[in-house]
Amino acid sequence: MTEARTNRGHDHDHGDPHAPIVADGQPSYYEIMETAIRELLVERGHFTAAEIHRQIDLLDSRTPALGAAIVARAWTDPAFKVRLLADGRATVEDLGISFYDDTGLVVLENTPEVHHLIVCTLCSCYPRPVLGLPPEWYKLKPYRARAVAEPRSVLAEFGTVLPDEVEIQVHDSTSMARYLVLPRRPDGSDHLSEAELAALVTRDAMIGVRLVELPQGSRS
Amino acid sequence: MAETETSHDSPFAHVVLATGEAVVFAPGDRVRVDDRKPVGHYRVPTYLRGKTGTVECVYLPAQLNNEEEGFGRNGGAKRHYYRIGVPMTEIWPAYAGSPQDSLRIEVFEGWLERIGA
Chain H
1 MTEARTNRGH DHDHGDPHAP IVADGQPSYY EIMETAIREL LVERGHFTAA EIHRQIDLLD
61 SRTPALGAAI VARAWTDPAF KVRLLADGRA TVEDLGISFY DDTGLVVLEN TPEVHHLIVC
121 TLCSCYPRPV LGLPPEWYKL KPYRARAVAE PRSVLAEFGT VLPDEVEIQV HDSTSMARYL
181 VLPRRPDGSD HLSEAELAAL VTRDAMIGVR LVELPQGSRS
Chain Z
1 MAETETSHDS PFAHVVLATG EAVVFAPGDR VRVDDRKPVG HYRVPTYLRG KTGTVECVYL
61 PAQLNNEEEG FGRNGGAKRH YYRIGVPMTE IWPAYAGSPQ DSLRIEVFEG WLERIGA
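Protein chains in written order, with the working numbering: chain H, 1 to 220; chain Z, 1 to 117.
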C-alpha cells in the first residue's frame, strides 16, 4: 500500500494526530473461515443474515450499565436487594433483562467481612446478560490462573488492598451459574440518587477486582 | 420451593423417585472432588482434583451433565450441581494470603464423593 493511498480520506484536521483508520490489510485465516462458514450456514437456511444481526444487536444492548443500574437499585431498595440475592435471575428477568444464554445468575454481596472475586479458569464464563462482553484481561490466562492462586496479589494490581480480616472468596464460574458482585455502597453517598449511584458502579467493581469509590472531592 | 412431606402418615410418603433424581448432598456435607482425568470435555479444573471441601448449597433444578452434552449427548439423566467451598490453603499449601480465604465452585454430582461423617 502506498503512502499516497493510505493518506487519502484522512486529510482532515482534528488536532488529534493518529494513523489513518483503514481496513486495507488482508483478512486473517480465521476471518476468512468465519465468513465462509457464516455464508454457508445462511445459504443452507440454518439462519438468516437478519438473525445474525439481531444477535449482534442483542449483545450490543448488554453493557455494564445494566449491571450498574441493578446494583444501584439494590442499594436503594431493600426489598429488591433481598429478592436479588435470593434469586438473581428471576429478579433481573422481572426488570426485562432476558437470559438468552440460559445461564443462572447468583448475586454475591460484598460485606465488611467478605469480598467476592469472579473468574472463569476454564474459559470466559461471564454474566453477559447483565454486563455484556467480558474485558480482554478476564479471558487471558494470567488473570484466570492467578485469580484462584494469588487473589490478593491480583487485587493489589488493580489497586484493591484488603485487610487480612476480610475473607476473599474467589468464585470460579465454570458450569451453569454466572456471578455478579454486589459491591459495597461507598460511605458518604447517602445524598446521591439511584441514577447518580449507578454512574459510580464500574464493570470492574461488579467482577470484584475494584471497589466503588466516590469521585475525589465529592464526599459530603 | 414447597417442603416435602416426610411423615409416614402422608399420602405422598411412598412416591418413588427416578435414579439420580433426589438431591444427594446437603449444605455442610464434607466432600472430595474426584481426581480422575477424563479425555475430552470436562468442567472440573485440574487444580481441584482430589481436594476436599464443604457443600454450601445445591443448585436447583437438576441439570444435564454438560460434559456429556459437550459431545451432543443431550438425552442423559440429570443430576444436581453443588456449590462447594474449599479453603485456599487446601488447594495451595503455600498460599500466601489470609488463611480464611477460600474458593467457591459448582461441581456436578458425579465428581463428588462423600467423606467422613
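Using N, Cα and C, we set each Cβ at its ideal position, and we do this for glycine too.
Remember, predicted model here, so these are calculated numbers, not experimental data.
Exercise for the section: Measure the C-alpha to C-alpha separation of A13(Z) and N74(Z) and round it to an integer number of angstroms. Expected result: Their backbone Cα atoms lie some 32 angstroms apart in a straight line.
Exercise for the section: Anything in the region 149 to 168 of chain H with a Cβ closer than 7 angstroms to a Cβ of chain Z? List those residues in chain order, please. Expected result: Listed in sequence order: A149, E150, P151, R152, D164, E167, I168.
Exercise for the section: Verify whether the separation of the beta carbon atoms of L108(H) and L66(H) is less than 9 angstroms. Expected result: Not in contact: L108(H) and L66(H) (Cβ atoms no closer than 9 angstroms).
Exercise for the section: Note down, in chain order, every chain Z residue with its Cβ under 7 angstroms from the Cβ of L122(H). Expected result: The CB of L122(H) comes closer than 7 angstroms to the CB of R43, P45 in chain Z, given here in chain order.
Problem - First and last residue of the uninterrupted beta strand (DSSP E) at L108(H) - result: In the DSSP assignment, L108(H) falls within the unbroken beta strand (DSSP E) covering 104 to 109.
Practice task
Leaving aside the five residues before and after R5(H) along the sequence, list all residues of the same chain whose C-beta is less than 6 angstroms from its C-beta, in chain order.
Solution key: Because R5(H) carries a pLDDT of 46, less than 50, the predicted location of this residue cannot be relied on, and no value is offered for it.
Problem - Segment contact, 8 angstroms Cβ cut-off, at least three pairs: the region 42 to 49 of chain Z with the region 13 to 27 of chain Z - result: No: the two stretches stay apart, fewer than three of their Cβ pairs being nearer than 8 angstroms.
Handout entry: Under 8 angstroms (Cβ pairs) to chain Z, residues found in the region 14 to 36 of chain H
Key = Within the region 14 to 36 of chain H, contact with chain Z at the beta-carbon level (separation under 8 angstroms) is assigned to no residue.
Problem - Buried/exposed call for I32(H), threshold 16 Cβ in 10 Å - result: By the 10 Å Cβ count, I32(H) comes out exposed.
Handout entry: Nonlocal neighbours in the same chain, by C-beta distance under 6 angstroms from R54(H), ignoring five residues either side
Key = Excluding sequence neighbours, R54(H) sits near nothing in its chain.
Exercise for the section: Could you tell me the boundaries of the beta strand (DSSP E) in which Y143(H) lies? Expected result: Looking at the DSSP string, Y143(H) is not in any beta strand (DSSP E); the run it does join, the alpha helix (DSSP H), is 141 to 149.
Handout entry: Burial state of V170(H) (16 or more Cβ within 10 Å)
Key = The residue in question, V170(H), is buried, as its Cβ has 16 or more Cβ neighbours within 10 Å.
Practice task
Check the Cβ of V71(H) against every Cβ in chain Z and list those closer than 8 angstroms, keeping chain order.
Solution key: Identification of chain Z residues near V71(H) by a Cβ-Cβ cut-off of 8 angstroms yields none; the smallest Cβ-Cβ distance measures about 20 angstroms.
Practice task
Please state whether DSSP places P78(H) in a helix, a strand or coil.
Solution key: Assignment of P78(H) by DSSP, reduced to helix, strand and coil, places it in the helix class.
Problem - Span of the beta strand (DSSP E) around V119(H) - result: 114 to 119 is the span of the beta strand (DSSP E), which, as asked, contains V119(H).
Exercise for the section: Write down the C-beta distance between E56(Z) and P27(Z) rounded to the nearest angstrom, noting that I regard them as a contact closer than 8 angstroms. Expected result: Yes, E56(Z) and P27(Z) are in contact; Cβ-Cβ is about 6 angstroms, under 8 angstroms.
Practice task
Could you pull out every residue in the same chain whose Cβ sits closer than 7 angstroms to the Cβ of A68(H), ignoring the five residues on either side in sequence?
Solution key: Closer than 7 angstroms at Cβ, skipping near neighbours: A198, V201.
Practice task
Would you verify that the beta carbon of N74(Z) is, or is not, closer than 9 angstroms to some beta carbon of chain H?
Solution key: For N74(Z), the answer is no, since every Cβ of chain H falls outside 9 angstroms of its Cβ.
Handout entry: E90(Z) to I118(H) span [Cα, whole Å]
Key = Roughly 19 angstroms between the two C-alpha positions.
Exercise for the section: Could you confirm whether any beta carbon from chain H is found closer than 9 angstroms to the beta carbon of E106(Z)? Expected result: It does; some Cβ of chain H falls within 9 angstroms.
Exercise for the section: Could you confirm whether any beta carbon from chain Z is found closer than 9 angstroms to the beta carbon of A79(H)? Expected result: Cβ-Cβ to chain Z under 9 angstroms: no for A79(H).
Handout entry: Which residues DSSP lists as bridging L180(H), in chain order
Key = Checking the DSSP bridge columns, you'll see L180(H) partnered with V107(H).
Practice task
Grab me the residues of T103(H)'s own chain with a C-beta within less than 6 angstroms of its C-beta, minus the 5 sequence neighbours each way, in chain order.
Solution key: Excluding positions up to five away in sequence, the list reads R178.
Exercise for the section: Give a yes or no on whether the minimum CB-CB distance between L119(Z) and chain H is below 9 angstroms. Expected result: Residue 119(Z) cannot be examined here, being either before or after the span of chain Z that is shown, 1 to 117.
Problem - Cβ-based contacts, 9 angstroms cut-off: residues of the region 80 to 93 of chain Z near chain H - result: Listed by position along the chain: Y81, R83, G85, M88, I91, W92.
Exercise for the section: Assign A96(Z) to one of two classes, buried (16 or more other C-beta atoms within 10 Å of its C-beta) or exposed (fewer than that). Expected result: Exposed, because fewer than 16 other Cβ atoms sit within 10 Å of the Cβ of A96(Z).
Exercise for the section: Measure the C-alpha to C-alpha separation of L214(H) and T48(H) and round it to an integer number of angstroms. Expected result: Their backbone Cα atoms lie some 46 angstroms apart in a straight line.
Practice task
Anything in chain H within Cβ reach of A96(Z), meaning under 8 angstroms, just list it in chain order.
Solution key: Correct list: E150, R152, S153.
Exercise for the section: Tell whether a beta-carbon distance below 9 angstroms holds between R83(Z) and I115(Z). Expected result: No.
Handout entry: Q169(H) - containing beta strand (DSSP E), residue span
Key = Per DSSP, the continuous beta strand (DSSP E) segment holding Q169(H) begins and ends at 167 to 172.
Exercise for the section: Using a Cβ cut-off of 9 angstroms (strictly closer), state whether T174(H) contacts chain Z. Expected result: The C-beta of T174(H) comes closer than 9 angstroms to at least one C-beta of chain Z.
Exercise for the section: Starting from the Cα of R79(Z), find the closest Cα among A62(Z), D101(Z), P99(Z), G53(Z) and give me that residue. Expected result: Ranking the options by Cα distance to R79(Z), first place goes to A62(Z).
Exercise for the section: Compute the distance between the beta-carbons of R203(H) and T160(H), then report whether it is under 9 angstroms. Expected result: Their beta carbons are not under 9 angstroms apart, which means R203(H) does not touch T160(H) by this criterion.
Problem - Ranges of the alpha helix (DSSP H) found wholly within the region 43 to 100 of chain Z, counting only runs of at least 4 - result: If you keep only unbroken alpha helix (DSSP H) runs of at least 4 residues inside the region 43 to 100 of chain Z, you get 66 to 69, 88 to 91.
Handout entry: Interface flag, H171(H) vs chain Z, CB-CB below 9 angstroms
Key = For H171(H), the answer is yes, since a Cβ of chain Z falls inside 9 angstroms of its Cβ.
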